[in-house]
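Reading through the structure tokens given below for one structure.
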Amino acid sequence: MRTREVIPFVIYLSKRLGALAVMYFVTITIMFLLPRFIPANPVALYIQNLAQEMGYFSNPEAVPELYKVLFEEFGLGKPIWKQYIDFIANAFRGDLGISIWLNDKVIDIVMRALPWTLFLFVPSTIVGWTIGNYWGAITGYKRGTTFEKTSVLISSIVAQIPGYWFGMLLIFAFAINLRVLPPNRAYDPLIMPSWRMEFLLSVVKHYVLPFITLTIPYLCGQVISMRNLMIYELKSDYTVFADYIGMPDKVIRRYAFRNAMMPQVVNLSIRLGRAVAGTALIENIFAYPGMGWYLAQAVTNNDYMLLQGLFIILVATVYLALFLSDLVHLVVDPRVRLGYAKS
């Protein structure tokens, strides 16, 4: 990168980072306030759940001391503005509070859930992006053939299927009808987690359906996108001229593929942000114990300590992905850098 490109480059990224930081604080502030306007009482719900687990039911009003202690322990007795200050200060220290539903540290719950989410999301993204782009490039190059028409038809249909519906179809086909794969969970609850082959095989077996649900629609979307980009590049002036002067077809395709990949690299970072909601939904469908499943359970149990803690992590991931998208776009595409340098 030339020196004259660096200053506009840094200025733009600084402005973008500042804007995203402001948006992040606004978003988590709204997330902090919304659950507190819900009429349900999370402490009362916690005491009821505790009483049921102990084999009897107690009205929260019958145990005022316990109710008072829990209300203060969760910080709900303070004014809203004090709760918010504590919330922000604790978040910077990595203290996301105590889950009302699970009576456990939220950060510990996140640490348990995050590996499962990454285990599901990262491989599906890598496989879908890699295969989808190469398949799409071949499809674009073979325009007008039966292969291209078939690929476009199948990919166009599958890419439009909502993830939750696609997942339900897979459950109905392979878990209910054929009974060859389990419909939910990350592993068999009767098997103790360990590095033994029995447990690992159980994890793989439970992994198949959610992995396919996340991968296939995304892969098909990449096929359509890359096919269109490849066709555009093959019609560009530089490829037409290269063909006119007798440059080998293999070389022309390589240059076209390289330029078509630039937008796809940017889309990969955008995928990180968009996939947060999609992965959360798929985890909930398959009862997969990742961030999305805990998020749904936090809403169901009115546990806004857990809800706001998970939301902090998920929103940070989305905004980080947006920033990386801008950064990658500037790095891989010299045309964009030149535009900022001229401005």
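Residue numbering for the sequence shown follows full-length UniProt numbering, beginning at 1 and increasing consecutively. C-beta: ideal position from N, C-alpha, C; glycine also.
Asked: Nearest chain B C-beta to leucine 66 closer than 8 Å, yes or no?; Found: Reference to chain B is not applicable here, since this structure consists of a single protein chain.
Asked: What number of angstroms, rounded off, separates the C-alpha of methionine 192 from the C-alpha of phenylalanine 199?; Found: 7 Å
Asked: Grouping DSSP H, G and I as helix and E and B as strand, with all else coil, what is residue 373?; Found: Absent from the model: residue 373. The displayed extent of the chain is 1 to 343, so no value can be given.
Asked: Out of Leu66, Ile11 and Ile98, state which residue places its alpha-carbon closest to the alpha-carbon of glycine 75.; Found: Ile98
Asked: Could you check which residue in Ile216, Val158 and Asn103 has the C-alpha nearest to that of isoleucine 126?; Found: Ile216
Asked: Could you round the C-beta distance between alanine 186 and histidine 206 to whole angstroms and report it? I think they count as a contact, below 8 Å.; Found: 5 Å
Asked: Go through its chain and collect everything with a Cβ distance to proline 263's Cβ below 7 Å, but skip five positions before and after it.; Found: Leu229
Asked: By Cβ distance, which residues of its chain are closer than 8 Å to aspartate 243, with the 5 residues on each side in sequence left out?; Found: Asp249 and Ile252
Asked: Can you grab the Cα-Cα spacing for the pair isoleucine 171 / lysine 78, in whole Å?; Found: 46 Å
Asked: Report back the beta-carbon spacing between threonine 139 and methionine 291 to the nearest angstrom; my notes put them in contact at under 8 Å.; Found: At roughly 34 Å, the Cβ-Cβ gap does not stay under 8 Å, so threonine 139 and methionine 291 are not in contact.
Asked: Specify the secondary structure class of isoleucine 231 as computed by DSSP and reduced to three states.; Found: helix
Asked: Helix, strand or coil: how does DSSP classify lysine 105 here?; Found: strand
Asked: Note down, in chain order, each residue of its chain lying with its Cβ closer than 8 Å to the Cβ of isoleucine 107, except the 5 sequence neighbours on either side.; Found: Gly94, Asp95, Leu96 and Gly309
Asked: Tell me, please, which residues DSSP counts as bridged to isoleucine 98.; Found: Lys105
Asked: For asparagine 301, does the three-state DSSP call read helix, strand or coil?; Found: coil
Asked: Measure how close the beta-carbons of asparagine 284 and alanine 298 come, nearest whole angstrom, since I'm counting them as under 8 Å.; Found: That pair is no contact at about 11 Å.
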